[in-house]
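A quick write-up on the structure given underneath.
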Amino acid sequence: MIRTALLVAAKDLRIELRSRVLLWQVVPFGVMALLLSGLALGPAHAGSSSAGPGLFYLVTLFVALLMINRSQAIESTPGTRASVATLGLDPAGVFLGKSLALCVELWATGLVLLAGAILVLHTALHGALVALPSIGVTLAAMAAAGTLYGALTAGGDGAATLLPVLTLPAFAPLLIAGERSFSAALHGGALWEWWVILAVALVVYLAIGVLLYGVLEES
Amino acid sequence: MIRTALLVAAKDLRIELRSRVLLWQVVPFGVMALLLSGLALGPAHAGSSSAGPGLFYLVTLFVALLMINRSQAIESTPGTRASVATLGLDPAGVFLGKSLALCVELWATGLVLLAGAILVLHTALHGALVALPSIGVTLAAMAAAGTLYGALTAGGDGAATLLPVLTLPAFAPLLIAGERSFSAALHGGALWEWWVILAVALVVYLAIGVLLYGVLEES
Amino acid sequence: MTGDIDVVRLRDAVVLSNGFPLLSGVDLAIPSGSLSVVTGANGAGKTSLLRLLAGLVPLTSGVATVAGIDLAEGDLRQLRRRVGWLGHEGSFYDDLSVRENLVFAARALDRPTGEIGSVVERVGLTHRIDTTTRQLSAGQRRRLGLAWLLLRRPELWLLDEPYASLDDDGRTFFDGLLGDVVAGGATVVVSAHDPLRSAALSPRTILLAGGRVVNDSQ
Amino acid sequence: MTGDIDVVRLRDAVVLSNGFPLLSGVDLAIPSGSLSVVTGANGAGKTSLLRLLAGLVPLTSGVATVAGIDLAEGDLRQLRRRVGWLGHEGSFYDDLSVRENLVFAARALDRPTGEIGSVVERVGLTHRIDTTTRQLSAGQRRRLGLAWLLLRRPELWLLDEPYASLDDDGRTFFDGLLGDVVAGGATVVVSAHDPLRSAALSPRTILLAGGRVVNDSQ
Amino acid sequence: MMKQLSQRLLGPATLVLLGLTFWLGLWVTPPDRVQGDLVRLLYVHPAIAWVALYVSFGTATIASALYLWRRTRSYVMDRIAYCAMEVSVVFIVLTLITGSIWGRPTWGVWWAWDARLTSTAILGVLALGYLALRRANEDPALRARRSAVFAILSAINVPIIHFSVQWWKTLHQGATVFTSSRTVLVHGSMAWTLLFSFVGFTLLFFWLLRARYRLEVKREASSSAQLDEALASRRSEGTF
Ligand code: HEM
Ligand SMILES: Nc1ncnc2c1ncn2[C@@H]1O[C@H](COP(=O)(O)OP(=O)(O)OP(=O)(O)O)[C@@H](O)[C@H]1O
Ligand SMILES: Nc1ncnc2c1ncn2[C@@H]1O[C@H](COP(=O)(O)OP(=O)(O)OP(=O)(O)O)[C@@H](O)[C@H]1O
Ligand SMILES: [Mg+2]
Ligand SMILES: [Mg+2]
Chain X
20 MIRTALLVAA
30 KDLRIELRSR
40 VLLWQVVPFG
50 VMALLLSGLA
60 LGPAHAGSSS
70 AGPGLFYLVT
80 LFVALLMINR
90 SQAIESTPGT
100 RASVATLGLD
110 PAGVFLGKSL
120 ALCVELWATG
130 LVLLAGAILV
140 LHTALHGALV
150 ALPSIGVTLA
160 AMAAAGTLYG
170 ALTAGGDGAA
180 TLLPVLTLPA
190 FAPLLIAGER
200 SFSAALHGGA
210 LWEWWVILAV
220 ALVVYLAIGV
230 LLYGVLEES
Chain C
20 MIRTALLVAA
30 KDLRIELRSR
40 VLLWQVVPFG
50 VMALLLSGLA
60 LGPAHAGSSS
70 AGPGLFYLVT
80 LFVALLMINR
90 SQAIESTPGT
100 RASVATLGLD
110 PAGVFLGKSL
120 ALCVELWATG
130 LVLLAGAILV
140 LHTALHGALV
150 ALPSIGVTLA
160 AMAAAGTLYG
170 ALTAGGDGAA
180 TLLPVLTLPA
190 FAPLLIAGER
200 SFSAALHGGA
210 LWEWWVILAV
220 ALVVYLAIGV
230 LLYGVLEES
Chain U
747 MTGDIDVVRL
757 RDAVVLSNGF
767 PLLSGVDLAI
777 PSGSLSVVTG
787 ANGAGKTSLL
797 RLLAGLVPLT
807 SGVATVAGID
817 LAEGDLRQLR
827 RRVGWLGHEG
837 SFYDDLSVRE
847 NLVFAARALD
857 RPTGEIGSVV
867 ERVGLTHRID
877 TTTRQLSAGQ
887 RRRLGLAWLL
897 LRRPELWLLD
907 EPYASLDDDG
917 RTFFDGLLGD
927 VVAGGATVVV
937 SAHDPLRSAA
947 LSPRTILLAG
957 GRVVNDSQ
Chain S
747 MTGDIDVVRL
757 RDAVVLSNGF
767 PLLSGVDLAI
777 PSGSLSVVTG
787 ANGAGKTSLL
797 RLLAGLVPLT
807 SGVATVAGID
817 LAEGDLRQLR
827 RRVGWLGHEG
837 SFYDDLSVRE
847 NLVFAARALD
857 RPTGEIGSVV
867 ERVGLTHRID
877 TTTRQLSAGQ
887 RRRLGLAWLL
897 LRRPELWLLD
907 EPYASLDDDG
917 RTFFDGLLGD
927 VVAGGATVVV
937 SAHDPLRSAA
947 LSPRTILLAG
957 GRVVNDSQ
Chain B
5 MMKQLSQRLL
15 GPATLVLLGL
25 TFWLGLWVTP
35 PDRVQGDLVR
45 LLYVHPAIAW
55 VALYVSFGTA
65 TIASALYLWR
75 RTRSYVMDRI
85 AYCAMEVSVV
95 FIVLTLITGS
105 IWGRPTWGVW
115 WAWDARLTST
125 AILGVLALGY
135 LALRRANEDP
145 ALRARRSAVF
155 AILSAINVPI
165 IHFSVQWWKT
175 LHQGATVFTS
185 SRTVLVHGSM
195 AWTLLFSFVG
205 FTLLFFWLLR
215 ARYRLEVKRE
225 ASSSAQLDEA
235 LASRRSEGTF
């Protein structure tokens with residue numbers, strides 16, 4: 020399982036490095052969206068640092084959707100699916116591998132966006148650093164959930180548009196918990212309980228993925 | 020030109036009706052995004068109706084991105100591009116037709132989202148009705164700009180991810196003007212100037228599209 | 747109809763893609779109303795040559811005129827209107843049915859939609875006329891591609907491996923069609939790995955290797 | 747190896763797609779170590795039959811066992827590991843090079859990556875080994891598909907129109923390969939519109955029409 | 005015999021109980037001191053919400069789990085899950101509507117960023133997502149597996165909704181009917197009416213579920229009749 024996971028993760032990351040979609044397209048999109056959200060809400064709301072965590076996560080969410088989409092698109096050219104299916108890879112390993120690659124990419128993007136939030140939304144640097152571990156866990160949970168939901172929608176027509184509908188509600192609790200723990204890090208407050216919720220979510224998604232990913236794959 | 024436009028618009032709308040991507044996938048996505056934005060910003064911000072127009076446009080923006088993406092995806096299966104290219108359709112007509120179809124779809128989605136904003140974000144019904152024409156123009160301008168940028172990014176790898184990067188900056192002025200005129204409709208204020216800006220933007224995008232769409236198409 | 751006698755005229759035509767020469771200097775003249783078959787090993791450049799002639803890839807250097815239009819400077823859209831293209835993946839709007847795709851093409855070309863029934867009949871897709879294109883089998887897609895061309899009646903037919911995935915009937919029909927087309931004065935350039943079957947057709951054979959012409963039966 | 751003598755055993759196999767019967771009741775038994783060619787008109791159901799055998803489309807009704815695994819109830823993943831599939835679009839990870847794709851396959855199958863060089867040599871892609879798959883020509887993709895299969899050495903080879911877009915050399919190589927594979931005890935089912943060329947091969951011919959077997963040379 | 009009888013009685017029992025609820029709720033029970041006649045929504049909204057969350061979503065989830073478990077795997081389970089989820093959409097929408105109607109006079113707004121309200125709306129989107137997912141997958145086995153997994157993943161939301169009132173301490177009414185001490189905080193005729201409404205709406209759910217299930221079976225049967233025709237016409241292809 021672990022070998023398959025590493026193999027798949029390496030393959031996904033190599034494809035990303037090759038095509039540079041992340042560097043050139045997703046990250047600028049995130050930064051742009053951050054600026055626009057600030058604009059759309061008007062100076063009164065955006066400037067107030069209490070909106071910072073919310074906006075940060077909202078933008079991260081949309082960026083994550085793009086990346087999940089891409090992570091599935093790699094697998095779903097007509098021929099690829101059939102050829103790779105006949106390799107008979109261990110589904111649990113594929114799930115872990117794709118989650119891992121997605122997680123690494125999300126972390127990289129998250130760091131850039133966090134820097135953006137500090138610069139653009141006046142989020143306090145110190146608070147952001149304190150929030151870093153919780154952000155890491157939130158993004159990891161998003162990667163696992165995203166991979167799961169990505170497989171759920173793979174192959175069908177209009178997968179690219181079905182994915183966000185199914186994924187967004189699943190991300191809602193993650194988003195809330197992440198936002199609250201970020202806010203707590205900024206303004207003081209209990210960090211522990213959110214941490215626990217996030218860690219539990221991560222473990223639950225990983226467990227479900229390892230157990231059920233095979234069931235989701237196209238037969 | 021007009022004949023081609025109608026032909027292309029009818030084709031795009033028929034494909035949408037056939038696949039129901041809009042109804043089943045994009046609209047729920049918009050509703051979900053509205054709910055989540057409200058959540059991410061927390062009750063304090065979301066409840067205050069001054070955030071209503073901003074959130075409405077922010078969500079519309081993301082929905083529009085999905086729809087532009089889909090509008091281009093229709094044209095870009097490997098064979099389609101070549102076969103259709105050899106029909107030698109008038110590019111100005113293609114541009115107008117695709118914009119028209121996109122505009123109709125955006126209007127339909129916009130109405131649903133507006134209803135959502137009224138219910139969920141406590142946007143005043145009366146103000147929303149006053150803002151309706153300006154929303155209509157903003158969405159039309161988005162459709163035109165989106166079609167233009169869609170063609171710009173078509174065909175290359177990772178079109179789905181390149182598109183937002185290019186489109187977002189172009190949408191920024193529309194977003195601001197739309198938001199301001201919506202706010203003005205809600206809280207009183209000068210409607211005229213924003214109206215003029217939006218109408219000018221629409222005309223400019225249409226003009227550029229009619230003149231330059233042919234240049235953008237893959238040679 | 748062009749004023750030229752040669753529909754295609756290439757001199758030292760080079761096509762680069764990411765720095766790799768798909769075509770490395772092709773000299774070729776194809777007279778109007780002729781039938782030519784382009785052959786060569788895999789990767790020799792057959793598809794690239796046909797795509798160049800259809801105006802689907804840009805010319806990097808050299809001189810190329812197709813149907814009287816200069817590929818480097820002329821109006822490519824004008825050119826594309828006059829050529830017909832049948833590719834490896836002859837696909838159209840996947841979500842539309844056979845009929846809807848052809849109606850779209852007919853409208854776009856200002857042709858009466860009444861012809862569609864008979865064209866579909868000729869390519870043997872009548873029983874699938876309301877099937878979504880996505881659901882067609884490989885050969886049926888190819889046949890739809892032929893129907894699309896029959897409707898368009900272009901001046902220059904560029905067909906990339908038309909035999910592939912057609913069944914016996916399909917190939918016989920196709921050979922007959924080629925004969926008619928050439929007899930009607932249009933020009934046909936086909937890429938193929940097999941020789942054409944019909945004894946009635948005696949095409950010129952152009953052999954490519956390494957992105958240029960190495961042998962020409964003419 | 748299976749305990750069975752027949753690698754494929756279908757009784758009244760029906761496959762529906764959106765209510766349309768791709769296969770309308772196929773009865774077929776294919777013994778291990780044999781070579782069969784499936785033919786039939788466009789849309790007869792050749793591709794569908796091969797996809798069924800590869801575990802890529804679900805059986806709707808009837809009984810089907812492939813390599814000892816029941817298609818309705820058995821472990822399809824287990825089955826897929828034992829079959830090799832070469833489709834109309836033999837595509838892999840488009841952004842990876844020929845070598846990287848094969849390394850991925852080898853690692854996934856716990857095969858030494860040392861074989862790759864010789865496999866690529868055999869299919870004649872050595873000069874393109876570091877080219878991105880996306881940039882390969884149609885025939886080169888087909889050859890990469892063969893390399894992928896050579897690396898996997900499956901028990902049951904399912905090849906959908908393997909001749910299409912292969913050049914003459916490629917076909918000769920392919921016929922030789924088929925001979926070796928069958929001699930090695932594996933089973934091969936090929937769909938084709940042309941008869942196989944090699945005189946040394948005398949395959950059984952299964953004729954499909956309307957989604958079922960209408961003639962069987964055996 | 006018993007089964008038939010209970011099935012035959014399901015419809016009438018539903019009608020009687022709901023009729024009783026409305027009669028008691030509208031005419032017999034007294035208006036509330038604080039809420040006035042608005043309190044009568046108490047006999048509609050909580051019961052509908054209960055059905056939406058626990059009865060219908062629960063049915064769909066359990067049926068899905070039973071489908072995924074190899075020993076109980078059958079399309080019956082898949083069909084039950086599907087039909088229950090469809091009915092669930094209706095009840096979630098009704099919950100939102102009755103809640104909004106209640107919220108307007110009591111909170112002064114149709115909607116608030118309350119955790120329970122938002123999570124209920126999200127559950128609605130999830131249920132719609134379930135239906136969309138079914139549409140997007142055509143192969144019955146794959147569709148059944150995928151939608152079962154999705155239903156189970158979505159069910160995580162139900163406890164969140166339930167505990168949201170405690171966790172976030174927000175606007176929405178805390179537990180009144182089912183408190184942890186299991187003592188009902190209302191009395192007399194109100195308690196009876198409440199009981200009838202819960203049982204009545206629960207029966208209504210099963211009635212709707214049964215009707216929907218039968219329709220689904222009929223649809224599948226008619227498509228299997230079409231199948232023979234489709235097979236015949238397919239077989240005749242190419243044999244001229
Ligand atoms: C759109 C607005 C509303 C929504 C979406 C909504 C949703 C719900 C849900 C999902 C439940 C079931 C919770 C559970 O059993 O775990 C519930 C129960 C209940 N709701 Fe609402 N509600 C709304 C508005 C209101 C309003 C305005 C009131 C009264 C002022 C109200 C009073 C109650 C009561 C009394 C219960 C039963 C509580 C219990 O015993 O647990 N709701 N609601
Ligand atoms: N960017 C690139 N780098 C390297 N090689 C490339 C690149 N793009 C294309 N090629 C090569 O160019 C050739 C393209 O040839 P083309 O598709 O025209 O061949 P063909 O004659 O149609 O072959 P087939 O018979 O296989 O269809 C192939 O050898 C391909 O590998
Ligand atoms: N949903 C559908 N409705 C109607 N017809 C369908 C549907 N799905 C597939 N078909 C038909 O089923 C057949 C599929 O056949 P298949 O692809 O197996 O043919 P084939 O023998 O491989 O043909 P070819 O030689 O063209 O490759 C085609 O006739 C296709 O039109
Ligand atoms: Mg080629
Ligand atoms: Mg086929």
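Chains as they are written, first to last, in this note's numbering: chain X, 20 to 238; chain C, 20 to 238; chain U, 747 to 964; chain S, 747 to 964; chain B, 5 to 244.
In this text, a Cβ means the ideal position worked out from N, Cα and C, and glycines have one as well.
Predicted, not measured: the structure shown is a model, and the values here were computed from it.
Supposed contact pair residue j and residue i - C-beta distance, whole angstroms, cut 8 Å
i, j, result
"residue 896(S)", "residue 868(S)", "7 Å"
"residue 47(X)", "residue 205(X)", "Actually they are not in contact, since the Cβ atoms of residue 47(X) and residue 205(X) sit about 26 Å apart, beyond 8 Å."
"residue 152(X)", "residue 130(B)", "29 Å between Cβ atoms; not a contact."
"residue 122(C)", "residue 147(C)", "Contact doesn't hold; Cβ gap of about 20 Å is too wide."
"residue 754(S)", "residue 807(S)", "Wrong, their Cβ atoms sit about 17 Å apart, outside the cutoff."
"residue 854(S)", "residue 106(X)", "5 Å"
Euclidean distance between Cα positions of residue i and residue j
i, j, result
"residue 771(S)", "residue 954(S)", "11 Å"
"residue 56(B)", "residue 88(B)", "10 Å"
"residue 186(B)", "residue 214(X)", "Because residue 186(B) carries a pLDDT of 45, less than 50, the predicted location of this residue cannot be relied on, and the following value inherits that uncertainty. The alpha-carbon atoms of residue 186(B) and residue 214(X) are separated by roughly 32 Å."
"residue 18(B)", "residue 25(B)", "10 Å"
"residue 864(S)", "residue 930(S)", "19 Å"
"residue 905(U)", "residue 962(U)", "19 Å"
"residue 923(U)", "residue 944(U)", "11 Å"
"residue 28(B)", "residue 193(B)", "8 Å"
"residue 950(U)", "residue 119(X)", "57 Å"
"residue 891(S)", "residue 883(S)", "12 Å"
"residue 957(U)", "residue 795(U)", "8 Å"
Residue environment, residue i, which counts as buried when at least 16 other CB atoms sit within 10 Å
i, result
"residue 840(U)", "buried"
"residue 860(U)", "exposed"
"residue 219(X)", "exposed"
"residue 211(X)", "exposed"
"residue 850(S)", "buried"
"residue 219(B)", "exposed"
"residue 764(S)", "exposed"
"residue 31(B)", "exposed"
"residue 30(X)", "buried"
- Message: Output needed in chain order: residues of the stretch 785-808 of chain U with a Cβ under 9 Å from some Cβ in chain C.
- Response: Within the stretch 785-808 of chain U, the residues whose Cβ lies closer than 9 Å to any Cβ of chain C are, in chain order, 797, 800, 801, 802, 803, 804.
- Listed by chain order, which residues have C-beta atoms less than 7 Å from any heavy atom of ligand 4? Qualifying residues come out as 792(U), 793(U), 834(U), 906(U), 907(U), 937(U), 883(S), 884(S), 885(S), 911(S).
- Query: Given a limit of 7 Å on CB to CB distance, which residues of the stretch 124-158 of chain B reach chain X?
  - Reply: Here the close residues are 126, 129, 130, 133, 136, 137, 140, 141, 143, 145, 146, 149, 150, 153, 154, 157.
- Item | Residues from the stretch 187-201 of chain X in contact with chain C, defined by Cβ distance under 7 Å | Within the stretch 187-201 of chain X, the residues whose Cβ lies closer than 7 Å to some Cβ of chain C are 187, 188, 191, 194, 195, 198, listed in chain order.
- What are the residues of the stretch 22-52 of chain X that lie near chain C, defined by any Cβ-Cβ distance shorter than 7 Å? The stretch 22-52 of chain X vs chain C, Cβ under 7 Å: 38, 40, 44, 45, 47, 48, 51, 52.
- Quick one: which residues of the stretch 200-228 of chain X get their C-beta closer than 8 Å to a C-beta of chain B? List them in chain order. Correct list: 223, 227.
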